[in-house]
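Asker: Residue numbers (the numbering used here): 41 to 505.
Every residue, glycine too, gets a C-beta built ideally from N, C-alpha and C.
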Ligand SMILES: Nc1ncnc2c1ncn2[C@@H]1O[C@H](COP(=O)(O)OP(=O)(O)OP(=O)(O)O)[C@@H](O)[C@H]1O
Ligand SMILES: [Mg+2]
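1. Is any heavy atom of ligand 2 found at a distance shorter than 7 Å from the C-beta of residue 37?
2. Using 10 angstroms around the beta-carbon of residue 162, count the other beta-carbons present and answer buried if the total reaches 16, otherwise exposed.
3. Can you tell which of 401, 99, 52, 93 has its C-alpha closest to the C-alpha of residue 364?
4. Can you list the beta strand (DSSP E) stretches of 3 or more residues lying completely in the stretch 125-185, in chain order?
5. Residue 255 to residue 355, Cα distance in whole Å?
6. So residue 358 is in the beta strand (DSSP E); what residue range does that whole segment cover?
7. So does residue 185 have its beta carbon nearer than 7 Å to some heavy atom of ligand 3?
8. In terms of alpha-carbon separation, which member of 224, 276, 417 lies closest to residue 235?
9. Between residue 64 and residue 394, is the Cβ-Cβ spacing less than 8 Å?
10. For residue 53, name the three-state secondary structure that DSSP assigns.
11. I'd like the span of the alpha helix (DSSP H) that includes residue 444, first residue to last.
12. Start and end of the beta strand (DSSP E) containing residue 487?
13. Indicate the three-state DSSP secondary structure (helix, strand or coil) for residue 229 in the structure shown.
14. I need the boundaries of the alpha helix (DSSP H) containing residue 507, first residue and last residue.
15. Once you ignore the five residues that flank residue 340 on each side, which residues in its own chain have a CB closer than 7 Å to its CB?
16. Let me know the secondary structure DSSP gives residue 370 once reduced to three states.
17. For the beta strand (DSSP E) containing residue 352, list its first residue and its last residue.
18. Consult DSSP for residue 294 and reduce its assignment to one of helix, strand or coil.
19. Out of 405, 71, 291, which one is the CA nearest neighbour of residue 453?
20. Would you call the stretch 162-179 and the stretch 282-293 in contact, with 3 or more CB pairs under 8 Å?
21. Verify whether the separation of the beta carbon atoms of residue 144 and residue 128 is less than 8 Å.
22. DSSP on residue 81, reduced to helix/strand/coil?
23. Please name the residue in 185, 176, 107, 487 whose C-alpha comes closest to that of residue 370.
24. In whole angstroms, what separates the C-alpha of residue 422 from that of residue 468?
25. Quick one: give me the first and last residue of the beta strand (DSSP E) that residue 275 is part of.
26. For residue 309, which option in 124, 478, 498 has the closest C-alpha, if you only look at C-alpha atoms?
27. What whole-angstrom Cβ distance do residue 439 and residue 403 have, given they're in contact under 8 Å?
28. Residue 113 bridges to which residues according to DSSP?
Right, dumping it as structure tokens:
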């Protein structure tokens with residue numbers, strides 16, 4: 041399958057299917073799931089309409105509004121995985137921080153492209169893996185058993201060469217095949233060979249140059265000057281298996297057509313890239329903050345052209361952001377989306393609110409998702425031979441504790457479950473390897489015993505949970 045085909049087949053899931061995939065990891069939040077499912081499906085639809093219309097159809101960017109820890113980032117992350125889309129998460133607030141002054145907002149497009157290139161490259165590497173391994177094996181056999189020029193084949197000894205069998209030289213192919221079998225059976229794994237590999241890093245001077253921030257301008261100094269210098273070759277003495285890997289790696293570099301990779305990556309970014317702008321609420325407010333901070337409204341203004349669609353210069357070429365999907369998220373506890381500058385509001389036509397989570401949701405989050413916490417602890421401890429069983433009431437008790445602590449101290453949503461579980465398992469986690477009784481039942485009783493005291497003391501729970 042060519043790279044292009046992989047791209048085309050990536051997201052043919054229907055909205056219903058997308059939601060049900062998301063359901064495997066995220067509990068509730070139906071509204072948000074629906075919205076992102078539609079957005080994703082719309083890109084598939086857009087690919088199908090006539091070319092002339094395709095250019096006209098802009099993505100419907102989304103703002104997710106909801107308190108901390110209720111699944112905003114998680115939804116976006118899972119969505120990107122489903123679709124195999126290049127996905128970049130950035131904190132909008134980063135652009136206002138000291139140290140980021142001058143770091144232009146456009147850098148997120150460059151980062152997205154960088155990510156897409158790596159993504160396509162590793163897919164390609166998978167494709168050429170077998171071929172690269174084959175070539176590497178031949179090269180390895182050449183090293184282990186140098187092909188002899190004819191005069192040596194006639195029977196002369198060449199000193200110093202690495203002879204697998206000393207003395208007579210049977211027909212070369214037979215030896216070679218024998219060697220190949222040894223190699224494949226791992227009989228040569230302890231042998232050290234000398235191989236020559238290209239030093240991927242350029243000279244020291246180039247390193248200094250490229251560290252000067254030119255990267256941010258979309259220029260790759262190393263690429264411009266890199267080819268002026270001959271690629272450095274380095275000889276290394278390594279064991280056979282590692283040598284094989286190094287050779288295969290080098291071969292796959294040669295087999296991968298970087299121009300093709302770049303082209304595919306660029307297309308993927310432009311057609312299906314997703315940028316997740318987290319903490320968008322942190323750039324609300326016009327008062328330019330103290331010191332060298334970039335004013336928040338300034339950041340919003342900088343975002344405008346990128347969200348609306350503009351061309352960004354990267355070292356891989358110009359990238360149009362017209363069809364990149366932007367999903368913004370924020371807690372908006374002290375502000376509202378309508379506090380964003382009107383132009384930016386208008387570019388996020390879809391608003392979805394996420395619900396706060398309570399005990400009932402926590403019970404489900406603890407048990408239902410594929411990566412559910414109760415399962416994680418169970419399997420982690422199983423590696424120590426400890427067998428954990430949970431009573432239903434125990435799970436309910438954990439959920440209740442999390443809900444209560446969220447209520448009394450700060451509501452950090454589902455993240456509270458992590459701290460509660462960690463505290464609950466503290467003793468078992470520590471003792472597991474030395475435990476004599478390997479069967480442990482987590483009962484409601486046990487949960488209360490471990491957590492009650494902390495829950496009742498507000499100060500304690502503030503620090504521990
Ligand atoms: N509805 C949910 N279902 C399952 N797990 C959830 C849910 N909400 C949150 N979680 C879990 O809680 C953790 C935090 O969620 P997430 O990162 O999505 O928070 P967020 O809404 O982006 O919060 P913030 O505003 O702080 O960025 C994640 O590890 C996630 O797995
Ligand atoms: Mg988040």
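Answerer: The answer reads as follows:
1. Because the chain in this structure spans residues 41 to 505, residue 37 falls outside the shown range and cannot be described.
2. A residue is called buried when at least 16 other Cβ atoms come within 10 angstroms of its Cβ; residue 162 does not meet this threshold and is exposed.
3. 99
4. 127-131
5. Legend: pLDDT at residue 255 = 49, less than 50; position of this residue unreliable, value from coordinates given subsequently. Whole-angstrom Cα-Cα distance: 8 Å.
6. 357-360
7. As for ligand 3, it is missing from this structure, which binds only ligand 1 and ligand 2.
8. Residue nearest to residue 235 within the set 224, 276, 417 is 276 (criterion: CA-CA distance).
9. no
10. coil
11. 432-448
12. It is not in any beta strand (DSSP E) - residue 487 instead sits in the alpha helix (DSSP H) that spans 484-496.
13. Under the three-state reduction of DSSP, residue 229 is assigned to coil, being neither helix nor strand.
14. Because the chain spans 41 through 505 in this model, residue 507 falls outside it and cannot be assessed.
15. Taking C-beta separations shorter than 7 Å and ignoring five residues to either side along the sequence, the partners of residue 340 in its chain run 323, 380, 381, 384, following chain order.
16. strand
17. 351-354
18. helix
19. Among 405, 71, 291, the Cα nearest to that of residue 453 is on 405.
20. The stretch 162-179 and the stretch 282-293 touch, with no fewer than 3 CB-CB distances between them shorter than 8 Å.
21. Taking 8 Å as the Cβ cut-off, residue 144 and residue 128 do not qualify as a contacting pair.
22. helix
23. 107
24. 12 Å
25. 273-279
26. 124
27. 4 Å
28. Beta-bridge pairing links residue 113 to no other residue.
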